[in-house]
Every structure is written in C-alpha cells, then in structure tokens.
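In our numbering, the protein residues as written are 1218 to 1745.
Even glycine gets a Cβ: it sits at the ideal position worked out from N, Cα and C.
A quick note: this is a predicted structure, and the numbers were derived from the prediction, not measured.
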Amino acid sequence: MNDIHWIDYIIVFASIASAIGVGVYFAHRQKDTSTYFAAGGKIPAWAVGMSIFATLISSVTFLAYPGAAYAGNWILLVQGLMVPLVLLALIGVIVPLFRKVVKLSTYEYFERRFGLFARMYSSFAFTLGHFSKAGTVFFLVSMALATFLDFNIYAIVIVLGITIIILTLLGGMEAIVWMDVAQGGLLIGGGVICVILLLFLPEGGPSEVLRIAGEYNKIDVGPYDWDFTQLTFIVMALNGIFYALQKYGTDQTIVQRYLAAKNDRDAKKAAYIGVMMSVPIWAMFMFIGTCLFAYYHTSGAPGLPDGLKADEVFPYFISNQLPVGIRGLIIAALAAAAISSLDTDLNCLSAIAVQDYYVRFKKSSTDRQQLRFGRIMVVLSGAGAVGVALLYISWGGEGVLGALFSLYAIFSAGIVGIFLLGLFSRRANKQGLYIGIAASVLFTAYAVLTSTKLDLHGTGIKETILDLGSWNFTQHKYMLGVYSHLIVLVVGYMASFMFAAPLAEKELTIYGYLEDKRKEKQMDIEPA
C-alpha cells in the first residue's frame, strides 16, 4: 500500500484528539448519575437521533458492507429495511413505556414484569454481548487502522482505547451524544466522497458503473427462495424483524437515549431520526461495494493484488486510489465510527453495573457514590474490551474467545421473546417465562454447538464443537436468533397457564397504552 502522507496523519490524529477535547469540555457538568448516564434528559431530539444513528452505524458496517456488496449483492440491507416497519408499529408504545417505567436500566422493566431472575438474565446477556462486541470492534478497527497508518496494531488498540475511556469517563452521555453528532457527520461525509469518486473514476462515469452493476446483478436483495439453510431474503427479513425489536425494545444503548430526550415526543422523534438516517447510510455503503466492483471491472482500471479478500478491497482502494487529505478524512471517519459505537457501550455497561448490581447490593449508597462507582466501571469496561482485542490479536481472532462467545450466545437466548411476552400478554407469568427461557437455552445450546466450527486446538483445522452427524443444526445462523425468541414467546405463554398468578399491571403492557389512548380520544370528543 502507498505511504500515508503527513497531512493524512494530522487529520486522523486531530479527529482522535477532538474526542478527548469534547470529554474534557463536558467534564464539569457531570455532577450526578442523571447527567452522567442520561444527560439530564435535556438533549434535543435531532441530536439524540443523530447519536442513535452514529451508534447503529459502527465501524464494522464501514468495513463489512462494502465487502459484502463487492462479493455478492445487497442482501444484508434487508435486515435494516425491516427496522422502519417495526418502529412504525411499536415505537409509540415502547418509548413512553420505558420513560415511565424505568429509572435508568432497560432491565428494570423485565423485573417489574417477571421478577428478579428475568432482570438479571437479560442484564447479564446485554453485558456479555456488548462487552464481547466492544472487544471485537476494537480488534477489527485496529487491524484496519494499523494497515492504513503503518503503525503497530498493539499501539493502535491502546491509543484508541485510552481515547474512548477518557471521552466516556470525563464527559458522560452528554459528551457522547454531541461527539456522535460530529462523528456521524464525518461518517456521512466520508461515504459521500467515496461514492462520488467511485462514480466518476471509471471510464464512462456513472452510466458505466450502473451498467456493470446491472449486468452482474449487484443491486439485488435475493435469492428469494423459501430456504432457511441459505442466506435468502426471507431469512434476512425474519432476522431483521427481531433485530429491530432487540435494538429498540431491549438494548440499553438505545433505551438510554430515550431517557436523554426532553420528553416522550422528542424521544419518539429521535428514534425515527436515528433509523431513517441509518437505512440510507447502510444503503450507501452497500453502493460503495457495488461501485468498487464496477471500478475494478472497467477497462483501464488498476488490477487488484492476487488473493485480496472482498472485505479488503475497500481498504485497498482507500490506501491506493484516494488523494492526500481525502484519504485522511476517510480513515478519520473509520476511527470516528469506532469511537461512536464504543463510547456508548462503555457508558451503558457502566449504567447497568450501577443500576442493576451496585444499587441493589448497596441500597443505602448516595448518588455521589453511585457516580464514582460508575466512573470506575467505565475504566474497567474499557480496559476489559482492550484486553479482549489484544487477546484476539495474540490468538488470531478465534480459538478460546470463539468458544466463549458461543457460550454467550447460548446463555443469552430469547431476550426479545421475553420482551414481547411481557408487552403483549397480561396472562404470562414468571414461572411460565422461566420454562420458556430453559427451553430456549437448551435449543440454542444444541444449535450453536452442532453448527459452530472453531480451531480449538490451534492446528488450523476447524472442527464442529459437538458433531451429531445428521442431527446437527443445518439452518442458517441468522435463523437461530429468530427461533430462540419464538421459543421463549410460545413456550413461555403456554407454560404460564400451568400456574395461578394475577394478571400483570396494565401499565406494563400494550393494553395500558391502548387504554390511555382511548381516554385521550374520549376527552377530545367530549364537549367542553
């Protein structure tokens, strides 16, 4: 790859330094847990929406979507297309529910609806999931930045980790939101520049790009077969429905932003802004992959090195085809995407540690003590995520970590099923739910262990963790999430009839929302 220019270095490091500067700027306002974790509920809707967008568009999207579109088509976009449909149906219920029922932790709702175990189970699942995600993002982004900047990857991990920890530690959610606004803009700008360049670099311009894309069927979301063993439209659509429910109904990183808005109306508006911005940007990065394919298949275009993988084509293009300054901007956008995703993870992991664990076991703690503990957890979570990334580098990104994350998938099954059961059924009770969770964990264990291949012995040969021959789970891995949630929902509901229990409070279900709406409508039509 070409040597990076000193101007590009300045742009990248200025972007990273600005994150620390924003943290320092907002540090003096972080006097209590409400401000530190929810920005005091005073952030305008457009900024919260931009922050949701920046969190959803991670650096993995920046790298993975162009590679997927280059190698195939736009089928991964189907998942994102399902999100607006779910939001239109449920966001009016979800936002006021959480803003009324929970103080800070999403999983407080789970406890009020199904008891302590449901809260601990879902909270622990979020913690493990986002902790592993944070380590993975650190690893993948650092790999890319080390290649671009020709720096030692261990140094990249540590510098990036320290930057994100300082931003989150000092500035809290307020700094995170406003930094997300800037970084989101940088991400959009970087993507738009790449699209423009890729449309006009090939001979023949945009018309030739679109001709090649059409000839090779690159702008498509098929195959459309009714086949759950392959990556098909129906598999991605089903997965996308549950992905949307998980992010907007059970994920602390999104729910915490509802609490940062000024009121219910602003929180709902922010949710719409976040997803309505995300879908076009997901599509833009898919289009970048399509344009890359067209560019490298036009006459007179430079050739790609032998053996270059599809997800390495975009980084190769950035390093070798972009002019000085623009290259630095794109690399800075990649770093910004990582910071936007990871600072949120650290703040939310800390919030969960405070609200779900520290406050429970130290009921007499003051707000000042809770804030101090929260800051400590930011540092520990950040250090832990950096440690996971360093282990990835040392162990080649798999091995023992792959096995641990497979175990996480098993013991966090069915979170969306719990949420749907609590929201739509007053009859469902905690005893029935526990049976549903047990059934889901058993099924997920079977499916994960019989379908996951890992290099467990460091020999380079991947083996199925548990090989049952023809009894192995053979459907696509994206269907596993669908099944685990449905099992909790169906089994939990049916098993609830085995136990006598009072109906749940209406305000904890959709029926409370519908009743409030009926009352509002009645008041509107009654004469004054």
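Check, Outcome
"Separation of Ile1405 from Ala1500, as counted between CA atoms", "12 Å"
"Minimum length 4: unbroken alpha helix (DSSP H) runs contained in the segment 1241-1266", "1250-1255"
"Thr1467 versus Gly1297: straight-line alpha-carbon distance, rounded", "17 Å"
"Enclosing alpha helix (DSSP H) for Thr1385 [first to last residue]", "Ile1370 to Phe1417"
"Same chain only: Cβ atoms within 6 Å of Thr1681, ignoring 5 sequence neighbours per side", "Lys1670"
"Integer Cβ distance of Ile1311 from Tyr1465, believed to fall under 8 Å", "6 Å"
"CB-CB length for Val1265 against Ala1461, believed under 8 Å", "That belief does not hold up - the Cβ atoms of Val1265 and Ala1461 are roughly 18 Å apart, past 8 Å."
"Where Lys1526 sits in the DSSP three-state scheme", "coil"
"C-beta contact flag for Val1633 and His1702 at 8 Å", "yes"
"Cα-Cα separation, Met1218 to Leu1357", "Interpretation of Met1218 is limited by its pLDDT of 49, a score under 50 that renders its predicted location unreliable; no figure is taken from the coordinates."
"Thr1446, DSSP secondary structure in three states", "coil"
"With 16 other Cβ atoms within 10 Å as the buried cut-off, status of Gly1439", "exposed"
"Enclosing alpha helix (DSSP H) for Gln1296 [first to last residue]", "Leu1294 to Val1318"
"Distance between Leu1455 and Gly1258 (C-alpha atoms, nearest Å)", "34 Å"
"Bounding residues of the alpha helix (DSSP H) (the contiguous stretch that carries Ala1718)", "Careful: Ala1718 lies outside any alpha helix (DSSP H) and carries neither H nor E."
"Close-in-space but distant-in-sequence residues of the same chain around Ile1237 (CB under 7 Å, 5 per side omitted)", "Thr1380, Ile1383 and Leu1384"
"Met1493 versus Ala1721 - alpha carbon distance", "34 Å"
"Coil, strand or helix - Lys1486 by DSSP", "helix"
"Reference Asn1290, options Gly1401, Ala1527 and Ser1268, closest by Cα", "Ala1527"
"Cβ pair Ala1555, Gly1591 closer than 8 Å", "no"
"Selection from Phe1504, Ile1413, Thr1446 and Gly1407 that minimises the alpha carbon distance to Gly1431", "Phe1504"
"Endpoints, alpha helix (DSSP H) assigned at Trp1612", "Asp1584 to Trp1612"
"Backbone secondary structure at Glu1680 - three-state DSSP", "strand"
"Residues sharing a beta bridge with Lys1670, DSSP", "Thr1681"
"Cα-Cα separation between Ser1536 and Val1239, rounded to whole angstroms", "29 Å"
"DSSP three-state assignment for Ala1361, whether helix, strand or coil", "helix"
"DSSP state of Ala1185 mapped onto helix, strand, coil", "Outside the shown range of the chain (1218 to 1745) lies residue 1185, about which nothing can therefore be said."
"Straight-line Cα distance separating Leu1280 from Asn1564", "24 Å"
"Neighbour-count burial assignment, Tyr1710, 16 or more Cβ in a 10 Å radius", "buried"
"Candidates Val1665, Gln1247 and Arg1316: closest to Leu1685 by CA position", "Val1665"
"Stretch pair the segment 1333-1349 + the segment 1538-1552: three plus CB contacts closer than 8 Å", "no"
"Which of helix, strand or coil DSSP assigns to Thr1323", "coil"
"Contact set for Lys1320: own chain, Cβ-Cβ below 8 Å, skip 5 residues either direction", "Gln1572"
"Cβ shell of Ala1518 (< 7 Å), same chain only, five flanking positions each side left out", "Pro1419 and Tyr1512"
"Beta-carbon proximity list for Gly1542, same chain, < 6 Å, skipping 5 on both sides", "Ile1224"
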